[in-house]
Amino acid sequence: MSTFFLIDCNNFFVSCERVFRPDLVNKPVAVLSNNDGCIIARSNEVKALGIPMGAPYFKFKKVLKEHRVTLFSSNFELYADMSARIMDILSQFSPNVEIYSIDEAFLEVSSLPDPCGFARVIHHTITKSTSIPTSIGIAETKTLAKLANHFAKEDKKPYWHFPTAPGEHVLSHVPVTDIWGIGRRIGKRLKKFGITNTWQFKTAVPTLIKQQLGINGLKTQQELGGIKRLNLEDNPQTRKGILSSRSFGKKVTDIHTLKAALAANIHIACKKLRHQHSHTSFISIFIRSSPHSIRPYSAGTFTALYQATNCTITLITHVHELLQSIYKDGIDYVKSGVFLSHITPEVTQQLSYLHTETKTTALMPYMDHINTNIHENGLFPAIIRKNQETYKMSQDKRSPRYTTRWRELQIIEI
Amino acid sequence: MRVNETGFPNPAADAKVKGIDLNKTLIPKPSSTFLMRVAGSAMKNAGIYSGDTLIVDKSLVPKNQDIVVAAIDGEFTIKRIQYAHGRMMLMSENARYRPIQITDDQDIHLWGVVTYVIHRP
Numbered sequence: 222m223s224t225f226f227l228i229d230c231n232n233f234f235v236s237c238e239r240v241f242r243p244d245l246v247n248k249p250v251a252v253l254s255n256n257d258g259c260i261i262a263r264s265n266e267v268k269a270l271g272i273p274m275g276a277p278y279f280k281f282k283k284v285l286k287e288h289r290v291t292l293f294s295s296n297f298e299l300y301a302d303m304s305a306r307i308m309d310i311l312s313q314f315s316p317n318v319e320i321y322s323i324d325e326a327f328l329e330v331s332s333l334p335d336p337c338g339f340a341r342v343i344h345h346t347i348t349k350s351t352s353i354p355t356s357i358g359i360a361e362t363k364t365l366a367k368l369a370n371h372f373a374k375e376d377k378k379p380y381w382h383f384p385t386a387p388g389e390h391v392l393s394h395v396p397v398t399d400i401w402g403i404g405r406r407i408g409k410r411l412k413k414f415g416i417t418n419t420w421q422f423k424t425a426v427p428t429l430i431k432q433q434l435g436i437n438g439l440k441t442q443q444e445l446g447g448i449k450r451l452n453l454e455d456n457p458q459t460r461k462g463i464l465s466s467r468s469f470g471k472k473v474t475d476i477h478t479l480k481a482a483l484a485a486n487i488h489i490a491c492k493k494l495r496h497q498h499s500h501t502s503f504i505s506i507f508i509r510s511s512p513h514s515i516r517p518y519s520a521g522t523f524t525a526l527y528q529a530t531n532c533t534i535t536l537i538t539h540v541h542e543l544l545q546s547i548y549k550d551g552i553d554y555v556k557s558g559v560f561l562s563h564i565t566p567e568v569t570q571q572l573s574y575l576h577t578e579t580k581t582t583a584l585m586p587y588m589d590h591i592n593t594n595i596h597e598n599g600l601f602p603a604i605i606r607k608n609q610e611t612y613k614m615s616q617d618k619r620s621p622r623y624t625t626r627w628r629e630l631q632i633i634e635i
Numbered sequence: 017m018r019v020n021e022t023g024f025p026n027p028a029a030d031a032k033v034k035g036i037d038l039n040k041t042l043i044p045k046p047s048s049t050f051l052m053r054v055a056g057s058a059m060k061n062a063g064i065y066s067g068d069t070l071i072v073d074k075s076l077v078p079k080n081q082d083i084v085v086a087a088i089d090g091e092f093t094i095k096r097i098q099y100a101h102g103r104m105m106l107m108s109e110n111a112r113y114r115p116i117q118i119t120d121d122q123d124i125h126l127w128g129v130v131t132y133v134i135h136r137p
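Protein chains in written order, with our numbering: chain A, 222 to 635; chain B, 17 to 137.
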């Protein structure tokens with residue numbers, strides 16, 4: 222009999238900022254998204270002010286100032302490094318770890334006589350080693366572990382254990398949208414059938430669930446009953462593609478700067494693609510102005526590729542061709558993005574008769590090697606530099622990269 | 017021992033080991049180890065100078081005489097721990113600063129233990 226643990230960090234980005242700012246513990250703190258656009262992390266004090274997740278910064282600027290909320294621009298290098306440390310600590314507790322997101326992981330352990338004691342040690346070790354507070358959900362299935370984690374968070378407890386599948390007295394108070402994999406859209410659909418809480422979902426006729434939510438919905442239903450249908454690495458949703466988009470620091474009007482911005486989007490997306498040893502054969506791009514602009518404009522287009530690729534140069538060429546068909550003059554653009562889909566593994570390539578290993582494709586492994594091992598961003602398509610100060614995002618409230626930059630270490634004054 | 021073309025075995029071949037890896041030696045627990053920089057000379061007498069880099073391990077439990085990074089009233093500082101007569105004190109190496117006794121009603125957190133100091137002469 223195995224036990225699943227879902228460990229997740231509380232207010233992760235905020236907690237990371239507090240590690241090096243002990244003066245901000247128990248003070249209101251929030252973290253802003255790229256370009257300081259939206260609030261993407263809130264401390265409990267900020268949540269108590271009623272400021273919702275994802276709220277636009279400008280809308281709540283006054284409230285934040287009144288309550289002296291300390292604001293940070295996202296410091297993704299710091300968050301990624303702290304995340305890696307926590308995942309490393311977890312792997313010391315069990316080889317069966319699934320990293321689910323930047324701040325969540327599942328652990329599967331078999332024949333554990335004292336799961337709560339185990340959770341206590343995990344919780345203590347992470348807190349002591351990194352100062353990051355966590356919540357741990359413990360149950361016999363992943364779906365129940367996720368729910369238990371939710372209970373731990375709500376009740377401000379370090380962990381929560383469902384030794385057996387919870388019954389009606391527990392589940393009837395849980396809204397159906399609190400179930401892992403069920404969001405607002407599906408929740409609305411289920412409401413039409415009179416299913417609003419988790420008990421109703423669990424006891425609903427399986428054929429209805431299968432009809433409405435497919436096989437994954439059925440698995441979720443069974444998991445709520447304590448039947449293990451998801452293994453480690455099985456998840457209700459699968460990644461469908463790679464998106465890379467950025468809002469610009471300043472408004473962009475000319476096509477050349479847009480080409481540079483899209484090239485930067487591709488550079489980042491292709492790095493991820495090559496890292497997971499995949500190719501794409503369908504790409505789409507979009508460009509848009511602010512919806513509040515005097516001349517609002519938003520456009521996108523796509524193309525399929527004869528030959529799947531992950532070569533940055535090749536894709537930049539395609540993207541620039543696509544841009545020609547949607548670029549409009551006289552618009553203040555604020556954002557661009559690319560979406561790579563129809564992802565296939567590198568190995569199983571149906572080589573088209575047009576296939577050529579181009580010089581640029583061969584260059585990619587060298588570029589990645591230099592950028593990873595020798596000098597970050599050492600090598601990149603030159604076009605990215607064009608007017609980079611314009612489209613590069615502003616991040617002036619970002620904290621130092623305390624754990625990844627030699628020159629930005631925390632300074633102790635004595 | 018393996019024999020090469022000349023017919024003589026290489027006595028050093030068996031002793032071939034990797035070079036010293038400072039990361040492994042000085043940072044055995046990377047997930048709980050952080051680097052910090054010192055500004056100021058209050059800990060000169062402990063051999064910690066302004067501009068030095070500290071290797072700090074948060075997972076260690078401070079022992080008597082350990083140098084620690086502490087957060088006092090929300091501010092980072094560097095002190096030496098002294099356990100004596102059931103009391104835990106934070107000592108400064110500088111006579112100007114009085115020892116601080118750690119009690120529950122104070123805002124004092126022992127952030128981590130300084131394991132090594134990197135000094136550039």
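Quick reminder that beta carbons are idealized off the backbone N, C-alpha and C, glycines included.
Considering residue i, what are the terminal residues of the beta strand (DSSP E) in which it resides?
| i | result |
| --- | --- |
| A/Tyr300 | Per DSSP, A/Tyr300 belongs to no beta strand (DSSP E); it is in the alpha helix (DSSP H), Phe297 to Phe314. |
| A/Ala269 | No beta strand (DSSP E) holds A/Ala269; the alpha helix (DSSP H) holding it covers Asn265 to Ala269. |
| B/His135 | That residue, B/His135, is in no beta strand (DSSP E); it is neither H nor E in DSSP. |
| A/Gly218 | No information on residue 218 of chain A is available, as it lies outside the stretch 222 to 635 that chain A covers here. |
| A/Trp381 | Tyr380 to His382 |
| A/Ser502 | Ser499 to Ser510 |
| A/Val290 | Note, A/Val290: premise wrong, no beta strand (DSSP E); not H, not E. |
| A/Val555 | Tyr554 to Pro566 |
| A/Thr530 | Ser519 to Thr530 |
Tell me the DSSP secondary structure of residue i in three-state form.
| i | result |
| --- | --- |
| A/Tyr587 | helix |
| A/Pro277 | strand |
| B/Glu91 | strand |
| A/Tyr548 | coil |
| A/Ala485 | helix |
| B/Ala31 | helix |
| A/Glu637 | Outside the displayed span of chain A (222 to 635) sits residue 637 of chain A, for which this structure offers no information. |
| A/Gly408 | helix |
| A/Glu629 | helix |
| A/Ser620 | coil |
So, for residue i: in the same chain, excluding its five sequence neighbours on each side, which residues have a beta-carbon less than 7 Å away from its beta-carbon?
| i | result |
| --- | --- |
| B/Ser48 | Asp73, Lys74 and Ser75 |
| A/Ile407 | Leu434 |
| B/Ser66 | Val54, Ala55, Gly56 and Ser57 |
| A/Tyr574 | Caution applies to A/Tyr574, whose pLDDT of 48 falls short of 50 and renders its modelled position unreliable; the model cannot decide the point. |
| A/Ile487 | Thr533, Leu536, Ile537, Val540 and Val559 |
| A/Gln609 | Ala481 |
| A/Ser223 | Glu329, Val330 and Ser331 |
Looking only at its own chain, which residues have a Cβ that is under 6 Å from the Cβ of residue i, when we skip the five neighbours before and after it?
| i | result |
| --- | --- |
| B/Asn110 | Ala58 |
| A/Phe657 | This structure cannot settle anything about residue 657 of chain A, because the visible part of chain A is limited to 222 through 635. |
| A/Thr459 | In this predicted model, A/Thr459 has a pLDDT of only 44, less than 50, meaning its place in the structure is not dependable enough to derive any value. |
| A/Ser519 | Arg509 |
| A/Asn317 | Glu329 and Leu453 |
| A/Ile476 | Tyr548 |
Taking its Cβ as the centre, do 16 or more other Cβ atoms sit within 10 Å of residue i, making it buried, or is it exposed?
| i | result |
| --- | --- |
| B/Val33 | exposed |
| A/Trp627 | exposed |
| B/Pro137 | exposed |
| A/Glu287 | exposed |
| A/Met588 | buried |
| A/Val267 | buried |
| A/Phe550 | The amino acid at residue 550 of chain A is misidentified as Phe; the sequence shows Asp. By the 10 Å Cβ count, A/Asp550 comes out exposed. |
| A/Asp229 | buried |
Over the uninterrupted alpha helix (DSSP H) stretch that includes residue i, give me the two end residues.
| i | result |
| --- | --- |
| A/Ile430 | Pro427 to Leu445 |
| A/Ala366 | Lys363 to Glu375 |
| A/Gly338 | Pro336 to Thr351 |
| A/Cys237 | Phe233 to Val240 |
Identify, in the order they occur along the chain, each residue of the same chain with its Cβ nearer than 8 Å to the Cβ of residue i, setting aside the five sequence neighbours on each side.
| i | result |
| --- | --- |
| A/Thr351 | Val240, Met303, Arg306, Ile307 and Ile310 |
| B/Tyr113 | Ala58 |
| A/Ala373 | Ser356, Ile357, Gly358, Pro379, Tyr380 and Trp381 |
| B/Met52 | Thr69, Leu70, Val72, Val85 and Phe92 |
| A/Ser295 | Phe234, Val252, Leu253, Ser254, Asn255, Ile261, Gln616 and Arg619 |
| A/Lys607 | His477, Thr478, Lys480 and Ala481 |
Compute the minimum distance between the beta carbon of residue i and the heavy atoms of the ligand ATP, and state whether it is under 7 Å.
| i | result |
| --- | --- |
| A/Leu536 | The ligand ATP is not part of this structure, which contains no ligands at all. |
Could you list which residues in chain C have their beta carbon closer than 7 Å to that of residue i, in chain order?
| i | result |
| --- | --- |
| B/Met107 | Note that chain C does not occur in the displayed structure, where the protein chains are A and B. |
Three or more beta-carbon pairs under 8 Å between the segment 445-454 of chain A and the segment 359-368 of chain A, yes or no? yes
Is it a yes or a no for the segment 256-267 of chain A touching the segment 579-594 of chain A, going by three-plus beta-carbon pairs under 8 Å? no
Are the segment 492-502 of chain A and the segment 541-559 of chain A touching, with three or more C-beta to C-beta distances below 8 Å? no
Contact between the segment 325-332 of chain A and the segment 268-279 of chain A: three or more CB pairs below 8 Å? no
Would you call the segment 121-135 of chain B and the segment 73-93 of chain B touching, i.e. three or more CB-CB distances under 8 Å? yes
Below 8 Å, can you find three or more Cβ-Cβ pairs linking the segment 402-416 of chain A to the segment 480-493 of chain A? no
Within 8 Å, do at least three Cβ pairs link the segment 418-429 of chain A to the segment 520-540 of chain A? no
Pairing CB atoms from the segment 469-478 of chain A with CB atoms from the segment 530-538 of chain A, are three or more of them under 8 Å? no
Taking one C-beta from the segment 382-395 of chain A and one from the segment 278-297 of chain A each time, how about it: are there three or more such pairs within less than 8 Å? no
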